[in-house]
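In our numbering, the protein residues as written are 2 to 267.
Since the structure comes first, as structure tokens, the remarks are kept for the end.
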């Protein structure tokens with residue numbers, strides 16, 4: 002988590018300051034930062050409270066509580082700011098929105114990836130909630146033993162993914178199916194920042210040398226589990242990039258007289 006704070010969060014803040022001073026838009030970067038910060042602080046503070054270090058949670062609360070409040074406040078302010086959209090001709094928007102999901106191969110692959118992520122999220126949520134099924138028991142002991150570490154962070158991570166990220170993943174599947182879901186342009190950025198931060202921290206901790214050996218990913222399963230977790234992290238990031246780069250499918254219908262030059266505030 003400290004690596005992520007020192008590199009990604011700090012880098013995003015510096016880049017946003019640069020764009021602000023240059024008079025350029027920074028809202029999209031700020032939404033990624035807000036999603037990452039909120040996820041980071043929720044897992045950290047809650048993990049300390051419910052984990053084995055819970056008796057000493059006050060220093061962490063006073064240090065990280067304001068950061069969580071600041072990130073939530075910033076996200077609320079950003080959602081109230083005008084969204085900057087590229088001006089796209091109405092005929093192009095109409096053509097894109099008439100295409101079914103089967104005729105949009107990139108969106109179809111992303112939808113399948115999101116469905117796979119939903120299944121994986123639900124499965125790991127059941128595992129960390131001590132599901133009594135044999136394959137859940139086998140998974141936590143033979144594939145991702147870090148989930149049973151008493152520090153509390155891995156369990157909180159899986160619960161955050163289950164109760165907060167999973168509904169967003171399901172909503173994004175709908176957003177790829179139904180045209181005109183303008184909210185996708187914002188929430189995919191928040192989701193990408195949150196999942197990237199959570200997965201980086203979780204995966205890093207499960208292979209870190211300071212994690213007790215019994216809780217690290219087993220050597221025989223290392224490649225498969227690391228690859229699976231990286232793919233899980235990549236899906237929302239790729240979705241956010243797709244929504245940012247090609248907005249036509251997610252836009253409301255625009256007047257025919259508008260051209261493809263310039264910007265439109267929505």
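Each residue gets a CB set at the ideal place from its N, CA and C atoms; glycine is no exception.
Where does residue i sit, in a helix, a strand or coil, going by DSSP?
i, result
"residue 86", "strand"
"residue 182", "coil"
"residue 202", "helix"
"residue 22", "helix"
"residue 130", "coil"
"residue 106", "helix"
"residue 157", "helix"
"residue 145", "coil"
"residue 168", "helix"
"residue 98", "helix"
"residue 266", "Residue placement at residue 266 is poorly supported in this model, since its pLDDT is 46, which falls under 50; the coordinates are not used for a value here."
"residue 212", "coil"
"residue 252", "coil"
"residue 52", "coil"
"residue 152", "coil"
"residue 226", "helix"
"residue 124", "helix"
"residue 261", "For residue 261, the predicted model reports a pLDDT of 44, less than 50, meaning its position is unreliable; a value from the coordinates is still stated below. Coil at residue 261, not helix or strand."
"residue 217", "coil"
"residue 135", "helix"
Give a yes or no on whether the C-beta atoms belonging to residue i and residue j are separated by under 8 Å.
i, j, result
"residue 180", "residue 98", "yes"
"residue 45", "residue 30", "no"
"residue 173", "residue 115", "yes"
"residue 39", "residue 69", "yes"
"residue 153", "residue 36", "no"
"residue 228", "residue 146", "no"
"residue 237", "residue 202", "no"
"residue 208", "residue 199", "no"
"residue 194", "residue 34", "yes"
"residue 48", "residue 157", "yes"
"residue 118", "residue 170", "yes"
"residue 234", "residue 206", "no"
By alpha-carbon positions, which one of the options ends up nearest to residue i?
i, options, result
"residue 120", "149, 159 and 150", "159"
"residue 77", "230, 191, 17 and 231", "191"
"residue 125", "108, 95, 21 and 167", "167"
"residue 32", "178, 211 and 75", "75"
"residue 178", "133, 220, 225 and 109", "109"
"residue 184", "165, 241 and 210", "241"
Who are the near neighbours of residue i in its chain, counting only those whose CB is closer than 8 Å to its CB and skipping five residues on each side?
i, result
"residue 186", "84, 86, 244, 245, 248 and 251"
"residue 6", "41"
"residue 28", "79, 82, 84 and 85"
"residue 151", "52 and 53"
"residue 262", "Note on residue 262: pLDDT 46, under 50, position unreliable in the model; the coordinate value appears next. Taken in chain order, the residues that qualify are 88."
"residue 107", "243"
Given residue i, which residues of its chain have a CB within under 7 Å of its CB, disregarding the five upstream and five downstream residues?
i, result
"residue 128", "137, 140, 141 and 148"
"residue 19", "none"
"residue 65", "42, 45 and 46"
"residue 230", "200 and 204"
"residue 73", "39"
"residue 239", "111"
Near residue i, what residues of its chain come up, given a Cβ to Cβ distance below 6 Å and the 5 sequence neighbours on each side ignored?
i, result
"residue 222", "144"
"residue 162", "122"
- Message: Between the region 101-111 and the region 134-144, can you find at least three pairs of beta-carbon atoms closer than 8 Å?
- Response: Contact fails: fewer than three Cβ-Cβ distances are below 8 Å.
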